[in-house]
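Below you'll find the structure, written out as structure tokens, and then a few comments.
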Amino acid sequence: MADDTVTDTPGPRLAFEMYKKELAAVPEPIGKILSEYSHIPPEAQNEHIVAVRDKAYASHPYPCLGRWRFLQLDLSSHPLYNDYVVPALAKDSPNQWLYLDLGCCLAQDIRKLLYDGADLSRVYGAELRPEFISAGYQLFQDEATFPQKEHFVAPADVFDFSPESELSKRFDGKIGILHSTAVFHLFTWDDQVSMAKRCLQLMTQHDGRVLICGAQIGNVKPGEYPAMRGQGTRYRHNEESLKKMWHKVVQQKPWNVKVKAIEIGTSMTGPAEQDMSRIKEELEAGQKLEADLAKLGEGKEAEARKKHLGHFEQGLRWLQWWVWVDFV
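Take the sequence shown: its letter number 74 is residue 73 in numbering that gives the first Met the number 0, and every next letter is one higher.
Here it is in structure tokens:
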């Protein structure tokens, strides 16, 4: 169990709308990938992205899809991306690491890696929902050059440790760089501990220091918080609690005799000043949706709109992290 659970009653959660119908503008980084990697002209990109997103969101109304979050390309903003990840995956890199994106969504970060020169023969993804992998191919139009069967495992259950699982058969003990963004924060402390162990099981133990990295929603006050839609809890880390979790993981069997040392880095940030007006508008939209739903009561219209309503806790932050692992 977690040592840093929230013992006080959490403060009021803030409502927000999880779905934005229109894409105001195609972000420049994703636009470059679509133009130069996928050969989709700029004038066609907005309509193309909206069509792919709407189809994916209809079956799985996740905030990362509804709010266009998947277009932000999280890996490329990670502190280690330019100085370590991209050089390590270049075709002429001496270590020839295999890279795995665990919980890769539409594999947008993978396409950014390929665009930036990564050796595609060493880049792989794993995702719980095969539909998201298919949506990624619809978005990036690259099945001919980056075959799905060769590069993805889906469905991939991160809590299935069995050697018979496809994830285990293909990647256990083989990965040199593992990336996982917006996945750990979906789970309780105990489940995050299990997922950390799953990551370690995937890493190669024979070729020197390896890297596990990612990012997730954190909170200035770490602990178990109600899930976004009120089903169970999710553990929100700050920098100290995340480090504590990883140190506890490697003190447990069998990692206490397999891991020689770990080095953990973190960077937790709040919203930038230039984003505050947008955030205020979004919170106002969430409050309006919540009020509208209260007036509607029960019925089909209320149910249809309710799936667009989410809540998050005060003190929310974005937490980037990296764990260097030295095996015995």
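Just so it is clear, CB atoms sit at the ideal spot from N, CA and C, and this is done for glycine as well. Just so it is clear, the structure is predicted and the values come from calculations on it, not from any experiment.
| Check | Outcome |
| --- | --- |
| DSSP three-state label for W321, please. | strand |
| Which of the three DSSP states is assigned to G217 in this structure? | strand |
| Can you tell me the Cα-Cα spacing of A55 and G135, whole angstroms? | 10 Å |
| Can you give me the Cβ contacts of N237 inside the same chain, cut-off strictly under 8 Å, excluding the 5 residues immediately before and after it? | G217, N218, V219, K220, P221, M267, R316 and L318 |
| Rank A143, S164, K242 and P129 by C-alpha distance to the C-alpha of F151 and give the top, closest one. | P129 |
| Tell me the residue span of the beta strand (DSSP E) that contains Y125. | At residue 125 the sequence reads Ala, which differs from the Tyr that was named. Residues V122 to A125. |
| Count the other CB atoms within 10 Å of the CB of D7; is the residue buried (16 or more) or exposed (fewer)? | Confidence at D7 is low in this model, with a pLDDT of 46, below 50, so its placement is unreliable and the value that follows should be read with caution. It counts as exposed. |
| Rounded to whole angstroms, what's the CA-CA distance from Q44 to P62? Just pull it up for me. | 21 Å |
| Which residues in the same chain have their Cβ closer than 8 Å to the Cβ of N94, if we skip the five residues on either side of it in sequence? | A87, G175, D206 and G207 |
| For Q273, is the classification buried or exposed, using 16 other Cβ atoms within 10 angstroms of its Cβ as the cut-off for buried? | Note that Q273 has pLDDT 47, beneath the 50 cutoff, so the model's placement of it is unreliable and no number is given. |
| Mind pulling the beta strand (DSSP E) runs of 3 or more residues that sit fully within the region 62 to 144? | 98 to 101 and 122 to 125 |
| Give the list of continuous alpha helix (DSSP H) stretches no shorter than 4 residues that lie fully inside the region 34 to 61. | 41 to 58 |
| Answer with buried or exposed for D91, where buried requires no fewer than 16 other C-beta atoms within 10 angstroms of its C-beta. | exposed |
| So, L101 versus V192, is the Cβ gap smaller than 8 Å? | no |
| Please determine, among F145, D159 and P28, the residue with the shortest C-alpha to C-alpha distance to L337. | The shown model of the chain, from 0 to 327, leaves out residue 337, and the question about it has no answer. |
| Can you list, in chain order, the residues of its chain with a C-beta nearer than 8 Å to that of E142? Leave out the 5 residues immediately preceding and following it. | Y136 |
| Only counting the same chain, and skipping five residues up and downstream in sequence, which positions put a Cβ closer than 8 Å to that of S167? | D159, F160, S161 and Q200 |
| Helix, strand or coil: how does DSSP classify Q273 here? | In this prediction, Q273 scores a pLDDT of 47, lower than 50, which makes its location untrustworthy; the coordinate-derived value is nonetheless stated afterwards. In the structure shown, Q273 sits in a helix (DSSP, three-state: H, G or I). |
| Can you tell me which of P60, D189 and V256 puts its alpha carbon nearest to the alpha carbon of F131? | P60 |
| Under three-state DSSP, which class holds L210? | strand |
| What is the rounded straight-line gap between the Cα of V5 and the Cα of M202? | With a pLDDT of 47 at V5, under the threshold of 50, the predicted position of this residue should be treated as unreliable, though the coordinate-derived value follows. Rounded to the nearest angstrom, the two C-alpha atoms are 32 Å apart. |
| How big is the Cα-Cα spacing for Y36 and V25? | 15 Å |
| For Y98, tell me which candidate among L105, F326 and L119 has the shortest Cα-Cα distance. | L119 |
| My guess is that D325 and A260 are in contact by the Cβ rule of under 8 Å, so how many angstroms apart are they, rounded? | 5 Å |
| Could you spell out the range, first to last residue, of the alpha helix (DSSP H) harbouring M194? | W188 to L201 |
| Can you check whether the CB of G172 is closer than 8 Å to the CB of Q147? | no |
| Are the CB atoms of L138 and L105 nearer to each other than 8 Å? | yes |
| Label D108 either buried or exposed according to how many other C-beta atoms from any shown protein chain fall within 10 Å of its C-beta, with 16 as the threshold for buried. | buried |
| Run through DSSP, which three-state label would E21 get? | coil |
| Where Y224 and L241 are concerned, what is the direct C-alpha to C-alpha distance, given to the nearest angstrom? | 15 Å |
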